[in-house]
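Chemist:
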Amino acid sequence: MQDSVEDFKTKYEEEINKRTAAENDFVVLKKDVDAAYMIKVELEAKMESLKDEINFMRVLYEAELSQMQTHVSDTSVVLSMDNNRNLDLDGIIAEVRAQYEEIARKSKAEVESWYQIKVQQLQMSADQHGDSLKSTKNEISELNRMIQRIRSEIENIKKQSQTLQASVADAEQRGELALKDAYTKRADLETALQKAKEDLARLMRDYQELMNVKLALDVEIATYRKLLEGEECRMSGECKSAVSISVVGGSASIGGSGGIGLGLGSGFGSGSCSGSGFGFGGGIYGSSGTKITSSATITKRSPR
Numbered sequence: 001m002q003d004s005v006e007d008f009k010t011k012y013e014e015e016i017n018k019r020t021a022a023e024n025d026f027v028v029l030k031k032d033v034d035a036a037y038m039i040k041v042e043l044e045a046k047m048e049s050l051k052d053e054i055n056f057m058r059v060l061y062e063a064e065l066s067q068m069q070t071h072v073s074d075t076s077v078v079l080s081m082d083n084n085r086n087l088d089l090d091g092i093i094a095e096v097r098a099q100y101e102e103i104a105r106k107s108k109a110e111v112e113s114w115y116q117i118k119v120q121q122l123q124m125s126a127d128q129h130g131d132s133l134k135s136t137k138n139e140i141s142e143l144n145r146m147i148q149r150i151r152s153e154i155e156n157i158k159k160q161s162q163t164l165q166a167s168v169a170d171a172e173q174r175g176e177l178a179l180k181d182a183y184t185k186r187a188d189l190e191t192a193l194q195k196a197k198e199d200l201a202r203l204m205r206d207y208q209e210l211m212n213v214k215l216a217l218d219v220e221i222a223t224y225r226k227l228l229e230g231e232e233c234r235m236s237g238e239c240k241s242a243v244s245i246s247v248v249g250g251s252a253s254i255g256g257s258g259g260i261g262l263g264l265g266s267g268f269g270s271g272s273c274s275g276s277g278f279g280f281g282g283g284i285y286g287s288s289g290t291k292i293t294s295s296a297t298i299t300k301r302s303p304r
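Encoded structure:
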């Protein structure tokens, strides 16, 4: 999920960079369009100025032509009559008029030709700038569509990013809750384990005490068994010698360890009789430090 978030962030940054580049291109193209529009306006102004100039020159030409015709028609020619010469005044006037008309026709043709050339040049320039303006408008429209598409993609990416962030936050919250629950369970388990250890230690102590008691009882049972065997032997008459039995038990002392002992022995005297005997005893230390001791001694004497 983290990789997906990083991927969407990278795509979002790339789209932002593309959008910035597109906006920069749009600004540059807008400047070019504005410059082309200003050039078009300037050329249209020049064309209008040239049209006005051509119209002015045409009016001026027509006024001059009219004035010249009026001047020619109003001119009074004073001729000294020379009867010796035969002058063709009508021919001269017609020739002068033809010359002026030719000059006016040439001037008019030149002005019209210059006007047509200028109009064609302005028209070509206007067409070129119109094509450039149309191309620029198409590019601007394409950039606007691209910007709208990029904005839509950015909105979708923002929504996906918000969804992923919400999912991440929910996962983090659930993870924190699970972690807290795990810590709580761990603490409970540690508490239960500590209690189990304490219970086990208590049970071990109780078990040790019971084992100590059992051992003491086993020693006492063995002691009583030996005493009973000795008593049976004496009562059956198999042992003709005198037998004395002494049992010493019930001493208590305080200590920190436990132990048990059993001893057997025989002895011979140097007097008028000899004897043999055996003894055994046991001791146990409980968990409270109490020592329980049992002992028994059986002695047999016979004359030498």
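The sequence shown: position 46 = 46 (the UniProt record's numbering), numbered continuously.
All C-beta atoms, glycine included, are put in the ideal place defined by N, C-alpha and C.
(1) Tell me the rounded alpha-carbon separation between S125 and S152.
(2) Using a 10 Å radius around the Cβ and a threshold of 16 neighbouring Cβ atoms, would you call T70 buried or exposed?
(3) A35: buried (16+ other C-beta within 10 angstroms of its C-beta) or exposed?
(4) Please confirm whether S141 and K9 have their CB atoms less than 9 angstroms apart.
(5) Do you know how far the Cα of E198 is from the Cα of R190?
(6) Apply the 10 Å Cβ neighbour rule to A216 and answer buried if 16 or more other Cβ atoms are within range, or exposed otherwise.
(7) Rounded to whole angstroms, how far is the Cβ of L43 from the Cβ of L122, which I believe are closer than 8 angstroms?
(8) Going by other Cβ atoms of all chains shown within 10 Å of its Cβ, with 16 needed for buried, is V213 buried or exposed?
(9) Shortest alpha-carbon distance to V59 belongs to which of A98, K18, V27, K108?
(10) Decide if T20 is buried, meaning its Cβ has at least 16 other Cβ atoms within 10 Å, or exposed.
(11) With DSSP run on the structure shown, which of helix, strand or coil describes G237?
(12) How many whole angstroms separate the CB atoms of Y37 and I157, which I take to be in contact at a CB cut-off of 8 angstroms?
(13) Going by C-alpha to C-alpha distance, which of E48, N138, F56 sits closest to K30?
(14) Please report how far the alpha carbon of E110 lies from the alpha carbon of A104, in whole angstroms.
(15) Work out the CA separation of L143 and K40 for me, nearest whole Å.
(16) Taking C-alpha atoms, which residue in R202, A201, M204, L50 lies nearest to E112?
(17) Would I154 and I16 qualify as a contact pair, given that the criterion is a beta-carbon distance under 9 angstroms?
(18) Note down the Cα distance separating V219 from R225, rounded to an integer number of angstroms.
Modeler: According to the structure data:
(1) A direct Cα-to-Cα measurement between S125 and S152 gives close to 40 angstroms.
(2) Looking at its Cβ environment, which holds fewer than 16 other Cβ atoms inside 10 Å, T70 is exposed.
(3) Result: exposed.
(4) One thing to note: S141 has its Cβ no nearer than 9 angstroms to the Cβ of K9.
(5) The sequence given here has Glu at residue 190, not Arg. Roughly 12 angstroms between the two C-alpha positions.
(6) Only buried fits A216, as 16 or more other CB atoms lie within 10 angstroms of its CB.
(7) By a beta-carbon distance limit of 8 angstroms, L43 contacts L122. Their separation comes to about 6 angstroms.
(8) Exposed: under 16 other Cβ atoms inside 10 Å.
(9) For the set A98, K18, V27, K108, the Cα lying nearest the Cα of V59 is the one of K108.
(10) Taking every protein chain shown into account, the CB of T20 has fewer than 16 other CB atoms within 10 angstroms, so this residue is exposed.
(11) In the structure shown, the three-state DSSP call for G237 is coil.
(12) With a Cβ gap of about 37 angstroms, Y37 and I157 do not count as contacting.
(13) Considering only alpha carbons, the answer is N138.
(14) In a straight line, the C-alpha of E110 is about 10 angstroms away from that of A104.
(15) Spanning the two alpha carbons is a distance of roughly 23 angstroms.
(16) When R202, A201, M204, L50 are compared, the shortest CA-CA separation from E112 is found for L50.
(17) Yes, these two residues count as a Cβ contact at 9 angstroms.
(18) It is roughly 10 angstroms from the alpha-carbon of V219 to the alpha-carbon of R225.
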